[in-house]
Amino acid sequence: MFFLSGYLDQIDFSDFGFPLQIAAAFIAALVCGMVASFLHMPRVVGYIVGGLLLGPDVLRVFSRAESGADDPFRPAVDLALAIVMLSVGATFYFPSVKRLAKSVLGIAAFQSAATFALVGLLTYLALDQASCEVPLMLGILAIEIAPATTLLVMREYQSEGSVTKRVLILIGVVNLLCIVAFQIAFYGFMNIVEHDVHPGLIILKNLGVGALLGFVGAFLLVFAYERLAGKERAAAFFAVLFGTVACCEYFELPTLLAFLSMGIVLTNICDFGKEILDQYDGIAKPLYVMFFVIAGSQMHVEELLHLSPEGMLLMGLYIFGRFSGKIVGAWFGAKITDERASIRRFVGPALLSQAGLAIGLAYECQKHSPELGNQLLSIVLPSIIFFEVLGPLGVRFAVLRAGEVKMLALLETSRVGARPETLLQLVRKLLTSLGILKRKVGKKTEDIVVEDIMRKSVPTLRENSRLEGILDFFENYHLPVIPVIDAEGWYLGVITQQEIKELLYDPMLNNLVIALELTRDEDPALSPDISASDALSLLARAKIEAAPVVMDAGDGRKKLVGYVDQRDIISLFGRDLAT
C-alpha cells in the first residue's frame, strides 16, 4: 500500500494549492465511485476509498487534519453535515412518528443498551483495571450511527418503505441518546469541572442551549421564507446554516443536536419545510461527495498497522461488541414491539455506519482529559475504517432484502461504469444533435416486465380498518391508492383518494364505514409478467397513477407481490429515449 511513498516524499502537493486538492477529490470520487458501482457496492464506499488513496498514508494529496487546526475543507464538511441532520430531523413529523413511536423507541432502546453493554463489558474485561472510564466512554461512543453515510446510500438506491422510514427516525433518536449519555457520563459521573462551573450547568448548556439554537434557526428560516423570494431565500438559508455552525463552535455546543432540532421544528411548524430541503438537494450532493472523500483521507490506516497487541485486541472487541449489539439489539427491540419479520431482520444491518459524531466526542474527551481521550481515539479511529466500509454495505443489504428498492433504481446504478461509449458513438450523437444523422430510437425497454420495476415492499390496509386508520395511512405513505387485504393476507382491491374525498363530505358516515366498504376491485391489478408498456397503457385507460401487482393463487384468491407507480414506467421510457 505504501510502495509509492519513496517517490511521493519528494513532492509537496500543498505547493499546487487548494484547487488541485478539490480537483483530485472529485476525480478520485468519480473513478472510485464508478468502480464501486461496477462491483455492485454503494458509491459511498468508493468515495471513502478514493479519500483513503489521497490521504497522508498513500498519495499524500491531503494532510492529516489535527483537532482544532485550520482546515480549508471545514466549511464544506460542516455544511454537508448540517443538511444531513436537517434531513434526518425532517423525518420527525410528529403525526407520522406517533404511529411508529413504540417500534422506534423499542428498537432504539434495545440496540443502544445491547451495544453499550457488550462494548463496555468486553473492553472492561480486556483492560483488567479498576477504572471503568475507558469502557464506559467506549460503550457510549459505540451507540452512534453515521447519518451521512446511511442517508446517502438510501438516496442512491431510492429506497422507500417500513425499514427505510424506521432507520431514518432511528438515526436521530440514537444519536440524540448518544449525545445525552456522553454529556451526563463525561461531565456528571466523572466530575469534570471547567472553570469552577458545576457539571450540571455544563450539561444543561450543551443540551438545552444546543437544542434551543436549532429552534431559533428553524423559526428564522420560516420567517425569511415567508418574506423573501428567489435568491434572497438562498442567502437566508446559508446565513442561518453557517450562523448556527459558528454559534455551536463558539459556545462549544453539539452541532448535530442543533441541526437535528432545527429539522424537527422546521418540518412541524410549516408546510414547506420539506420543500426548503429539497430545493438544496442539488447543492448538497457534491458536498456529500467531498465529505466522504475527506473522511476517507483522515482514516488512520498507518496507526492501524502500528497498533500494539493490546490495542488490536481492544479494537477487535470494540468492533465485535458494536456489530453484535446493533444486530442483536435491533432484532430483540423489533421482536418485543411486535414488528414483522422484515423489520426484525433488516433494521440492524442498516445501523452499522459510524463516523463523525464518535470522533468528535472522543476529541472532546481529549481536550478536557488528554490521557482518556488518547485511549479512546487509539481504539475508535482505526475501528472507523471497518464500519465506514461495512456500514454502507449493511444499508444496501437491508433495503434490498426488505424489498424497498425499485428494480429501476438498480438498473440505473448498474449502468454506471458498465461500458463507456466509444469515440465513434460520441461523434454519432453530436451529428444526430446537429440534424446531420437521423435519430434512432431503440427499444431497450421492450423486454422489461412489471416485476423488474415494481417495489416489493408494499404497505397494506386491513379490511376492517376504520376511517381514522385510512386517513392516517394516506398521510404517512403518500400513495395514490391503498391496497386492501383480508385477515389472511389475500388481496381484495384498492381504496383511492377519490373515495376518501367523497366520504369526508358526509360526516355521519365517518365512524360507520370500514375499509372493505370502500374497496374497489374493478381497477387493474397488474400481473408481474406483463410488459412495462402494457402496464402503462392499462394505468392510462383506468386513469389511475399506480396499481398493485398480484399473482393468481387459485380459488379466486390473489396474492399481493408488489406495487408499481406510473412515474417509474415513464421514467424508464424517458431514460431510454434520452440514450
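So for the sequence shown, this note's numbering puts the first residue at 36; every next one is plus one. All residues carry an ideal CB built from backbone N, CA and C; glycine is no exception. Because the structure is a prediction, the values reported are computed rather than measured.
G174 has its alpha-carbon roughly 14 Å from the corresponding atom of L387. A distance of 8 Å or more separates the beta carbons of G207 and L322. In this chain, G524 is not harboured by any alpha helix (DSSP H), its DSSP state being neither H nor E. Apart from the 5 residues on each side of it in sequence, V300 sits with its Cβ closer than 7 Å to the Cβ of G249, F250, A253 in its chain, given in chain order. The stretch 145-163 makes no contact with the stretch 388-406, as fewer than three CB pairs between them are under 8 Å. In the DSSP assignment, Y598 forms a beta bridge with R490, P583. In this structure, M489 lies away from P559, with their beta-carbon atoms at least 8 Å apart. In the three-state reduction of the DSSP assignment, K593 falls in the strand class, which pools E and B.
Per DSSP, P130 has no beta-bridge partner at all. For the pair G81 and G68, the CB atoms are nearer than the 8 Å cut-off.
DSSP, read as helix, strand or coil, puts I517 in strand.
Setting aside the 5 residues that flank it on each side, I362 is surrounded in the same chain by G383, P384, each with a C-beta closer than 7 Å to its C-beta; the list follows chain order. Here the C-alpha atom of E534 lies approximately 7 Å from the C-alpha atom of L553. For A264, the secondary structure class from DSSP, reduced to helix, strand or coil, is coil. Between P515 and T531, the alpha-carbon positions lie close to 6 Å from each other.
Judged by DSSP in its simplified three-state form, S572 adopts helix. Note on geometry: alpha-carbon atoms of F127 and D603 lie some 27 Å from one another. Here DSSP, grouped into helix, strand and coil, assigns R375 to coil. Only exposed fits E345, as fewer than 16 other CB atoms lie within 10 angstroms of its CB.
In this structure R431 is in contact with Y192, their Cβ atoms being roughly 7 Å apart against a cut-off of 8 Å. Taking a 10 Å sphere around the C-beta of T185, we find 16 or more other C-beta atoms and assign the residue as buried. Between the stretch 322-334 and the stretch 108-122, the count of C-beta pairs closer than 8 Å reaches three or more; the two stretches touch. Residue pairing by DSSP places I549 opposite R501 in a beta bridge. Between L135 and R201, the C-beta gap is smaller than 8 Å, which places the two residues in contact. Where I219 is concerned, there is no enclosing alpha helix (DSSP H), because DSSP gives it neither an H nor an E.
The C-alpha of G524 lies about 23 Å from the C-alpha of A433. Rounded to the nearest whole angstrom, the CA to CA distance from L411 to M172 is 8 Å. Closest option to Q314, judged by alpha-carbon separation, among A264, I354, S359: A264. Here T495 carries a coil assignment [DSSP, helix/strand/coil].
Setting aside the 5 residues that flank it on each side, N303 is surrounded in the same chain by F127, Y128, F129, each with a C-beta closer than 8 Å to its C-beta; the list follows chain order. In this structure, the straight-line span from the alpha carbon of V529 to that of R375 is close to 22 Å.
A149 sits away from G298, with the two beta carbons spaced by 8 Å or more.
R109 carries a helical assignment under DSSP once its states are collapsed to helix, strand and coil. The distance from the Cβ of A365 to that of Q218 is about 24 Å, inconsistent with a contact at the 8 Å cut-off.
Excluding sequence positions up to five before and after G85, its CB lies within less than 6 Å of the CB of A63, A64, C67, V328, all in the same chain and listed in chain order. For V93, the three-state secondary structure derived from DSSP is coil.
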